[in-house]
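To start, the structure under review is shown below, and the notes come after it.
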Ligand SMILES: Nc1ncnc2c1ncn2[C@@H]1O[C@H](COP(=O)(O)OP(=O)(O)OP(=O)(O)O)[C@@H](O)[C@H]1O
Ligand SMILES: [Mg+2]
């Protein structure tokens, strides 16, 4: 188990180095340049511009810049934002917890709902409820996430005004609320963006879970459980579902990249001040260090997530455990 | 005669599909006394497992136990019970062990948990008490260091060991009837003998009645007191075990006996019954065995034979048993040498 973890961590580091390199090359190959705002400013003389570039090492050959950046990275230094004059580390430290909050709400909500719906569908396979749920999940899984986000936004925020249109907290009132009130404020802002992502997940998970359970139900051990007098509910929920969860856990690992990608749009649409939004803003400002930083942290999330998925799988399936 | 423990009457279990109706069990009747061991034999596809599963109502769609069937057990017809009542019979008054010890246990729970579950669902035993019971049961079925073994997962055990676990699971509630569906088929010979010995020991110790399903007449000869021979979803012969071996009344039974390997017997002379069991969607008209029977005559096609009594406790479903039985020697095509 330890050796396995160690190997997976080494793989993870290799992946991150590759991601850093590819991103570095791509952003420098893309048109546009940093300090766009300042460069258009007439009060900024060409000499000052050159000085600014020189200070940040942007006048150096690309190879030198790359070696420098990787050197910093090796020391855990993510450099300083070009646009915000703050360390990238500080920016990420602010944005990451917000994104994690959104992602975990979406992930747990989506998986819980998906497993529940899928299991109920399988237990009543072929019934009209199963067929209706099947239609809905197919449609939801096929919808682009931004479309669902915009629809929910228009319906529940703009039209019905049940939820705020954007942000993570009420900009004027939040500071004056009690701790519980602040929590409620955040939850209220979280509801729509998290629901958007959770619904799409739930649809995918439900379809997967339904099939996994249907695959397990004819198995011999399910019949054994019935034969020993376990109730039908216990047979499905305890014996069959526990086995049918194994493929879903694999899905959990595979879902993370989609979640990271999806949160980019959803954060942008709901103006959720997380990593996705930081990345989009940095990209349009050519803020190279922030683009690299957000990309690396997102990749690290995916790497860690897939290791967690493997550990979960081992916890759920004794046959995968060793030593 | 006192009331038997289990009396199956006119059991019919059909599988309905667009391709037709598979009459897997078609009017089967037999009974088991308290503490008795009854063997059920027959080739693959004769309906033995479907019969066994029907007794506990474990047949899943598209299978169905047809109207007119009765399964009398401890004064009630199991086929009239509600879902909760039949659940209380399963694993409690009637327990079952299956052919495949590899797949009959749930891979994600420890064997201790799976045995303990029986005590929990039927006795409402606490987690701890049920676990202790599981350890006791493992010791009873002869598993060494039962306390450690209880925390094993099925994949950490051998086939013979798992079959013992299944037997332990079946015995938790001290059932009146144990249905064993080919409990030794998947095991190698020495382990087979050990498992059969264990079943015999259990029966003596607890007075459990056993319905032992097998395609091996040798197993029946060693363990059962009475035998039910099945063919084509029907009972074709029923007899006390000695009578059956001394005086088989049905050509199918004779065929099975000739196909039995015996110690000291020349392998060359081992015979099998020619042909194979027809599919249950298309049983032949008249006698279902006639295609493969060396004694078949026109009446066998025209008229389905009834199960006729031959002597006390002995009956066969054959036209030859109805008339004064002609002293026939097996014709050349009755059995084919392999
Ligand atoms: N779920 C099912 N759907 C359709 N037909 C079935 C089903 N289960 C069993 N049958 C049919 O019922 C017949 C009897 O099967 P059964 O399993 O009782 O045979 P068996 O005597 O136990 O044979 P074996 O020695 O192979 O276990 C078979 O022809 C089989 O094809
Ligand atoms: Mg069988």
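Residue numbers (the numbering used here), protein chains in the order written: chain A, 1287 to 1609; chain B, 2 to 339. Where a beta carbon is used, it is the ideal one built from N, C-alpha and C, also for glycine. As the structure is a prediction and not an experimental result, all values here were calculated from the model.
Asked: Checking 8 Å against the spacing of the C-beta atoms, do residue 1243/A and residue 1559/A come in under that value?; Found: No answer is possible for residue 1243/A: the residues shown for chain A start at 1287 and end at 1609.
Asked: I'd like the ranges of any alpha helix (DSSP H) spanning at least 4 consecutive residues and lying wholly in the segment 1499 to 1548 of chain A.; Found: 1506 to 1513
Asked: Using a cut-off of 7 Å between C-beta atoms, extract the partners of residue 1513/A located in chain B.; Found: 57, 59, 91, 92 and 97
Asked: Restricting to Cα atoms, I'd like to know which of 39/B, 168/B and 102/B is closest to residue 238/B.; Found: 39/B
Asked: In chain A, what lies closer than 9 Å to residue 154/B by C-beta?; Found: 1604, 1605 and 1607
Asked: Between the segment 168 to 201 of chain B and chain A, which residues of the former have a C-beta closer than 7 Å to a C-beta of the latter?; Found: 170
Asked: Does DSSP classify residue 304/B as helix, strand or coil?; Found: coil
Asked: Just to confirm my understanding: we take residue 1491/A, look at its own chain, exclude 5 residues before and 5 after, and list those with CB closer than 7 Å. What are they?; Found: 1396, 1397, 1400, 1401, 1404, 1534 and 1537
Asked: In chain order, what residues of the segment 1495 to 1511 of chain A put their CB closer than 9 Å to some CB of chain B?; Found: 1503, 1504, 1505, 1506, 1507, 1508, 1509, 1510 and 1511
Asked: Could you check the C-alpha separation between residue 228/B and residue 37/B for me, to the nearest Å?; Found: 11 Å
Asked: Which one of 20/B, 142/B and 231/B has the shortest CA to CA distance from residue 200/B?; Found: 142/B
Asked: Closest Cβ-Cβ distance between residue 1475/A and chain B: below 8 Å?; Found: no
Asked: Is any non-hydrogen atom of ligand 3 found closer than 7 Å to the C-beta of residue 50/B, if you look at the structure I gave you?; Found: This structure does not include ligand 3; its bound ligands are ligand 1 and ligand 2.
Asked: For residue 75/B, report the span of its alpha helix (DSSP H) as first-last.; Found: Element bounds for residue 75/B: n/a, residue is neither H nor E.
Asked: Mapping DSSP to helix, strand and coil, what is residue 96/B?; Found: strand
Asked: Specify, as a first and last residue, the run of the beta strand (DSSP E) that residue 23/B falls within.; Found: 21 to 33
Asked: The alpha helix (DSSP H) spanning residue 1574/A covers which residue range?; Found: 1574 to 1602
Asked: Using a 10 Å radius around the Cβ and a threshold of 16 neighbouring Cβ atoms, would you call residue 1483/A buried or exposed?; Found: buried
Asked: Under a CB-based cut-off of 8 Å, is residue 1413/A close to chain B?; Found: no
Asked: Would you report the Cα separation of residue 252/B and residue 299/B, rounded to the nearest angstrom?; Found: 16 Å
Asked: Counting Cβ pairs closer than 8 Å, one from the segment 1420 to 1438 of chain A and one from the segment 1509 to 1522 of chain A, do we hit at least three?; Found: no
Asked: At the level of alpha carbons, what is the spacing between residue 1489/A and residue 1475/A?; Found: 23 Å
Asked: Identify, in the order they occur along the chain, each residue of the same chain with its Cβ nearer than 6 Å to the Cβ of residue 1313/A, setting aside the five sequence neighbours on each side.; Found: 1574 and 1577
Asked: When every heavy atom of ligand 1 is checked, does at least one fall within less than 7 Å of the C-beta of residue 301/B?; Found: no
Asked: Beta carbon of residue 1581/A, beta carbon of residue 1309/A: below 8 Å?; Found: yes
Asked: Could you please tell me which residues of the segment 1513 to 1530 of chain A, in chain order, have their CB closer than 8 Å to any CB of chain B?; Found: 1513, 1514, 1515, 1516, 1517, 1518, 1520, 1525, 1528 and 1529
Asked: Just checking, does the segment 1549 to 1568 of chain A make contact with the segment 1504 to 1521 of chain A on the three C-beta pairs under 8 Å criterion?; Found: no
Asked: Would you give the residue range spanned by the alpha helix (DSSP H) that residue 1314/A belongs to?; Found: 1288 to 1315
Asked: When we look at the beta-carbon of residue 4/B and count the other beta-carbons within 10 Å, is it buried (16 or more) or exposed?; Found: exposed
Asked: When every heavy atom of ligand 1 is checked, does at least one fall within less than 7 Å of the C-beta of residue 401/B?; Found: Given a span of 2 to 339 for chain B in the structure shown, any question on residue 401/B remains unanswerable.
Asked: Below 7 Å, is the gap between the Cβ of residue 216/B and the nearest heavy atom of ligand 1?; Found: yes
Asked: What does the alpha-carbon distance come out to for the pair residue 1609/A and residue 151/B?; Found: Any reading at residue 1609/A needs caution, since the residue's pLDDT is 47, under 50, leaving its predicted position unreliable; the model's value is listed next. Distance between the alpha carbons of residue 1609/A and residue 151/B: 18 Å.
Asked: Does the distance from the CB of residue 131/B to the CB of residue 140/B come in under 8 Å?; Found: no
Asked: CA-CA distance, residue 1458/A and residue 1434/A?; Found: 28 Å
Asked: Beta carbon of residue 61/B: closer than 7 Å to some heavy atom of ligand 2?; Found: no
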